[in-house]
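Reading the sequence shown from the start, the letters are residues 6 to 200 in the numbering used here.
Where a beta carbon is used, it is the ideal one built from N, C-alpha and C, also for glycine.
Note that this is a predicted model, so its numbers are computed, not measured.
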Amino acid sequence: MRRADTGDGSSRRCVVTGAVRPIEEMVRFVESPGGEVVPDLERILPGRGIWLSASRDVLNTAVAKGLFSKAARKRLTAPPDLADRVERLLAKRCFDLLGLARRAGQVAAGFEQVRSEARSGRGAVLLEAHDASLAGRAKVGALASGLPVVDLFSSLELGAALGRDATMHVLVGRGRLAARLLTETRRLAGFRQGG
Numbered sequence: 006m007r008r009a010d011t012g013d014g015s016s017r018r019c020v021v022t023g024a025v026r027p028i029e030e031m032v033r034f035v036e037s038p039g040g041e042v043v044p045d046l047e048r049i050l051p052g053r054g055i056w057l058s059a060s061r062d063v064l065n066t067a068v069a070k071g072l073f074s075k076a077a078r079k080r081l082t083a084p085p086d087l088a089d090r091v092e093r094l095l096a097k098r099c100f101d102l103l104g105l106a107r108r109a110g111q112v113a114a115g116f117e118q119v120r121s122e123a124r125s126g127r128g129a130v131l132l133e134a135h136d137a138s139l140a141g142r143a144k145v146g147a148l149a150s151g152l153p154v155v156d157l158f159s160s161l162e163l164g165a166a167l168g169r170d171a172t173m174h175v176l177v178g179r180g181r182l183a184a185r186l187l188t189e190t191r192r193l194a195g196f197r198q199g200g
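Encoded structure:
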């Protein structure tokens, strides 16, 4: 089995925009045996990849204009809910990475734990529930200034990913899991925020 690309600086051209971007900012698609377009988020499926910028608008343009077929030089079908599928798969990857970080002891959840870890300087990524109060977000944001802040998830989604009830604030410690989580949330942002 081939290994996933590890972010070695590779870049690809988006078939919609023509922009050359790092693969960490793109989504790869391949042809299924049935001739359907399938997302390959881990970049390990066989076949010639069709690369798009990580954006709902770009993906919808590719589907509407038949650019998958043009890039593959044969007729491919794209399911009408392809953008929603990609969003769900990217969100699942983020939640899986968050769960791995929790099991590795690299997650602080809840205001008090996040405050303690932020003061110690061990944080790498701050996840804030988009439904958290502005006052709470401002307090935590002041403690974790300089850290990337991700606000793509609800408190229920963050809590479910950590095996808890609703969670407003999550701080992920430094390491490879935090870096991978940040990469995946950046790709997801193009689908959650309209791209």
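Check	Outcome
Straight-line gap, Arg17 to Ala183 (C-alpha atoms, nearest Å)	24 Å
8 Å CB neighbourhood of Gly199 in its chain, flanking five on each side removed	Model confidence at Gly199 stands at a pLDDT of 49, short of 50, so the residue's coordinates are unreliable and nothing is read from them.
Proximal residues to Leu72 (C-beta, below 7 Å), its chain only, five neighbours per side dropped	Val20, Val21
Rounded separation between Pro38 and Ala194 - CA only	30 Å
Rounded C-alpha distance that separates Val155 from Ala171	16 Å
Backbone CA spacing between Ala114 and Lys70 [nearest angstrom]	44 Å
Backbone secondary structure at Val20 - three-state DSSP	coil
Thr82 in three-state terms, based on DSSP	strand
Candidates Gly126, Ala109, Leu103: closest to Gly164 by CA position	Leu103
Rounded C-alpha distance that separates Gly168 from Pro27	33 Å
Own chain, CB closer than 8 Å to Glu189, minus 5 neighbours either side, in chain order	Leu95, Arg98, Cys99, Leu102
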